[in-house]
């Protein structure tokens, strides 16, 4: 049975993914780089305590919904008010088939004032999510530019292209779905998903598709289902202090309340008469 560990943290960081420690036969440890997403996890079944860490960089033009997608995936939340993003690193932990899967997700600002910083992000990443607005053709053209820059540094790397804001049906789409799907999947050989961050539609498919692109057989569904259950408000119990608003009184309690109400009414009436 696969379990989801509800540990999602947000931290500021401009550093590549941290190194893991590997135990050697003599009991000592050595530092090794995190396993890349492009590498198969052939030894993952040997230890139920093994950890795998991947760094995902989310890129795209400003205001396309990069932060909203990350927040829906990790926290099931959406904030309609736009706030300019400062590059932030998020972290999600999942228990999948006995593997401790750690996803470091870097949310980039979209303004890219510092080309050297963007180049550093690309070099340190294991995979990429490229987001555009389906109602803004220019944001898709930005995706093409970003993809070219990625491939100038890394030849083979998992990429998922994401068209966001499909919930805005009253706004005309400038990026046609089928033509874009054909370009991305057939010509570019990348993953493609259309989503709504606002409605939390197809958000989990982005990360599942990323694992497919990486040829990794992690099934995130059970972990995500458990995370959603954990994100719901805790159930109210009759014997808890916080349950007073939801407590259902017994028949004896109802009778007692009625007697108190009758005595109160009697006293109030006697005061009026006097």
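In the numbering used here, the protein residues as written are 19 to 292.
For every residue, glycine included, the Cβ atom is placed at its ideal position computed from N, Cα and C.
The structure displayed is predicted, hence computed values, not measured ones.
Using alpha carbons as the reference points, say which of 68, 230 and 213 lies closest to residue 91.
-> 213
Say whether chain C places a C-beta atom closer than 8 Å to the C-beta of residue 135.
-> This model lacks chain C altogether, as it is built from one protein chain only.
Assigned exposure category for residue 176 - 16 Cβ within 10 Å defines buried | buried
Straight-line Cα distance separating residue 74 from residue 143 | Rounded to whole angstroms, the separation of the alpha carbons of residue 74 and residue 143 is 6 Å.
Roughly how many angstroms lie between the CA atoms of residue 151 and residue 126, to the nearest whole one?
-> 16 Å
Rounded C-beta distance between residue 178 and residue 209? I'm assuming under 8 Å.
-> Contact between residue 178 and residue 209 holds: CB atoms are separated by about 4 Å, below the 8 Å threshold.
For residue 111 and residue 120, believed in contact at Cβ under 8 Å, the rounded distance | 6 Å
Using the C-alpha atoms, what's the distance from residue 69 back to residue 231?
-> 20 Å
What's the call for residue 227, buried or exposed, on a 16-neighbour Cβ count within 10 Å?
-> buried
Report the rounded CA-to-CA distance for residue 183 versus residue 132, giving the unit in angstroms.
-> 27 Å
Quick one: what does DSSP say residue 153 is sitting in, helix, strand or coil?
-> Collapsing the DSSP output to three states places residue 153 in coil.
Could you tell me which residues DSSP puts in a beta bridge with residue 71?
-> Paired residues: 120.
Residues in its own chain within less than 7 Å of residue 186 by CB, not counting five upstream and five downstream?
-> 153
For residue 211 versus residue 223, is the C-beta spacing smaller than 8 Å?
-> yes
Kindly indicate the opening and closing residues of the beta strand (DSSP E) around residue 225.
-> First-last for residue 225: 221-231, but that is the alpha helix (DSSP H), not the beta strand (DSSP E).
Answer with buried or exposed for residue 101, where buried requires no fewer than 16 other C-beta atoms within 10 angstroms of its C-beta.
-> exposed
Beta-carbon proximity of residue 218 to residue 94, cut-off 8 Å | It is a contact, given that the beta carbons lie within the stated cut-off.
Can you give the Cα-Cα distance for residue 159 and residue 104, rounded to whole angstroms?
-> In a straight line, the C-alpha of residue 159 is about 23 Å away from that of residue 104.
State the beta-bridge partners of residue 174 as determined by DSSP.
-> In the DSSP output, where bridge partners are listed per residue, residue 174 has none listed.
Which residue's Cα is closest to the Cα of residue 181: 156, 108, 167 and 174?
-> Looking at the Cα atoms, 156 is the closest of the given residues.
Taking the Cβ atom as the reference point for each residue, do residue 149 and residue 233 lie within a distance shorter than 8 Å?
-> no
Using the rule of at least 16 other Cβ atoms within 10 Å of the residue's Cβ for burial, across every protein chain shown, is residue 122 buried or exposed?
-> Counting of Cβ neighbours within 10 angstroms places residue 122 among the buried residues, the total reaching 16 or more.
Give the straight-line distance between the Cα atoms of residue 161 and residue 106, rounded to the nearest whole angstrom.
-> 20 Å
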